[in-house]
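In the working numbering, the protein residues as written are 652 to 1315.
Positions of the beta carbon are idealized from the N, C-alpha and C atoms, including for glycine.
Source: prediction; values computed, not measured.
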């Protein structure tokens, strides 16, 4: 399969563009060179959209107005189309996908567009379901093997190094080698196998054989059910992981508002706790205020024990007062008049403290009894001295400081809360909902992973829970094998019959299909490892030839020297990913172009030359989308590639909203 032509109308940066890819087998490279953000990636998006109606992005370029050229929209030119011509199995296949406003709509929004999709095969319209045709001819599952960008290669490497994440890769590879079809055929054979067993059971007088047959039927059904559940769980996990990427992208699109909402939620959660602390400290102060003079000290939080001790002489001069309350009034009034705290000699007193003293004076005046109090100043001083000794004053000071600190914190948070509410505005709910969607998906993915582990354990052991007397901790699969052996041993002792002969033949077919499914994967793994190392050796420098790649059970490639697993550099990740993709294509017989956006961004100059030498050999058609920093025009790298370039285009940016493609 190769791409022949691509025609664009009002597609993203391009009002109109026609591209003819190189189909020369000797010069199979089509090179596009342009600045960043000039429209290179738009070409890859256009091909994906023509094929699948999807640009491959998670959040951007998903809606009609995202992919419609901005200048065209301003000029009321709303029709958009992409036409891709592909040659496959000697057939010319034209894919034409377009958008246009619904009838009567003069200024369309995203919901006002209609999409049409048509397919021509050798000039004749393809009848029937177009989506099924695409699935058959250009399965989306394998598109990552021929259309990807530099960042995609990094994701691919991460995928291969993580056993859980590589389930998606393994599932894709199994589809490539048609393993699901073999599994379906095996399932049909097992149903037929059970049907014959039931016939034998109906004609048999051997109660033990019948009992084993019944248990075997139950355990086989249980295995099929668990296997089906496991496949569904893995598919659901893949779907939820894709949904999580989309949800994170939507959440991250809010930028700082997302952070502000998170901070706002944090503040809203913190405020009630601080308010409770304030109540607690006020209650503590209330318990410590055994005398009214302590309230004064509480208001004057800056007063220290030493300051109070130094002022005992001035307190003694108040012995003409007839009560504790009157003494306190005198102290506070003198403090106000002289603008000097009589307790700690702090000046000036401050408006806040003056107001507090005046308020307290009025309250104390109401408390002064008409008769003379028997509480003398001497007793008051004794109480003060006693409280200092018992450190009550220190406790009061600490509680007051804590209270003031919490009140200051509360005030600050309330101000910040008001500011954030203004900044976030009406989008608070939407942002919170976006974050909630991410949190829910993370939780759901965690549950799915746990369920996958449980189902796998039930099937394969060694930590299966077991079910009655059907299977133990070793798992269902082991139990089925043991029951099958018991059944076969008992069946051999039965007289010959047509059903017995038939079952024997079906058993052989079942065994062949089971072995084929396993052998197919094992053989493919060996071939992939061999092919991957061939290309990897060519990509690595001569100093690194002692390194090799080893395939794991999930089709991931491990970078090793001897028996030691090594970490790879950014360039090394690229080499491993390219080696894996190329090996999988060769081993599975995938034929198709290789289209790479920004292929050399993370590779040093020495490595770039080796990669460019190998790119043309990796596919029957190679399409490279590069910026000038990767391959400078007229440079040695440009010359290295030139002998393989059949078509060369320059992408020229005319404005922020328009680019054009020039054939060189």
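Item	Value
If we count the other Cβ atoms within 10 Å of its Cβ and call it buried at 16 or more, is residue 1315 buried or exposed?	exposed
For residue 1308, which of 924, 680, 689, 656 has the nearest alpha-carbon?	689
Give the single residue among 676, 1266, 768 whose Cα lies nearest to the Cα of residue 704.	768
Is DSSP giving residue 685 helix, strand or coil here?	strand
By DSSP, does residue 776 sit in helix, in strand, or in coil?	strand
By how many angstroms is the C-alpha of residue 782 removed from the C-alpha of residue 843?	33 Å
Could you check the C-alpha separation between residue 919 and residue 1060 for me, to the nearest Å?	13 Å
Can you tell me whether DSSP reads residue 748 as helix, strand or coil?	strand
Given 8 Å as the limit, is there contact between the stretch 863 to 879 and the stretch 1091 to 1099, that is, 3 or more CB pairs closer than that?	no
Under the DSSP definition of a beta bridge, which residues are partnered with residue 668?	659
Which ranges does the beta strand (DSSP E) cover as unbroken runs of at least 3 residues, wholly within the stretch 1223 to 1308, from first to last along the chain?	1245 to 1248, 1273 to 1277, 1296 to 1306
Based on Cα-Cα distance, which residue from 1120, 899, 764 lies nearest to residue 1089?	899
With DSSP as the reference, identify every bridge partner of residue 736, one or two as the case may be.	656, 745
Sort 698, 752, 669 by Cα distance to residue 715 and report the nearest one.	752
Can you tell me whether residue 1257 is buried or exposed, with buried defined as 16 or more other CB within 10 angstroms of its CB?	exposed
Where does residue 771 fall in DSSP's three states?	strand
Exposed or buried, which one is residue 999 when buried takes at least 16 other CB atoms within 10 Å?	exposed
Once DSSP output is grouped into helix, strand and coil, what is the label at residue 1312?	strand
Taking DSSP as the reference, what is the three-state secondary structure of residue 1052?	helix
On the criterion of 16 or more Cβ atoms from any shown chain inside 10 Å, does residue 1182 qualify as buried, or is it exposed?	buried
Does the stretch 1228 to 1247 come close enough to the stretch 1272 to 1282 that 3 or more CB-CB pairs lie under 8 Å?	yes
Alpha carbon to alpha carbon, how far is residue 732 from residue 1284?	32 Å
How would you label residue 711, buried or exposed, when you count the other beta carbons within 10 angstroms and need 16 or more for buried?	exposed
Might you give, ordered along the chain, the residues of its own chain that have their beta carbon closer than 8 Å to the beta carbon of residue 765, omitting 5 neighbours on each side?	750, 751, 752, 753
Taking its Cβ as the centre, do 16 or more other Cβ atoms sit within 10 Å of residue 1051, making it buried, or is it exposed?	buried
Secondary structure at residue 756, three-state DSSP: helix, strand or coil?	coil
DSSP on residue 1200, reduced to helix/strand/coil?	strand
In three-state DSSP terms, what is residue 784?	helix
Just the C-alpha distance for residue 684 and residue 720, rounded to the nearest angstrom, thanks.	21 Å
What is the DSSP secondary structure of residue 918, reduced to helix, strand or coil?	helix
Between which two residues does the alpha helix (DSSP H) harbouring residue 1133 extend?	1127 to 1143
Go ahead and label residue 1163 buried or exposed: buried means 16 or more other beta carbons lie within 10 angstroms of its beta carbon, across all protein chains shown.	exposed
Am I right that residue 1064 and residue 1234 are in contact with their C-beta atoms under 8 Å? What's the rounded C-beta distance?	Not really, about 58 Å apart at Cβ, beyond 8 Å.
At the level of alpha carbons, what is the spacing between residue 1287 and residue 878?	55 Å
Helix or strand or just coil, what does DSSP make of residue 958?	Below a pLDDT of 50, predicted positions are generally treated as unreliable, and residue 958, at 45, falls in that range; the measurement from the model is reported next regardless. Helix, per DSSP.
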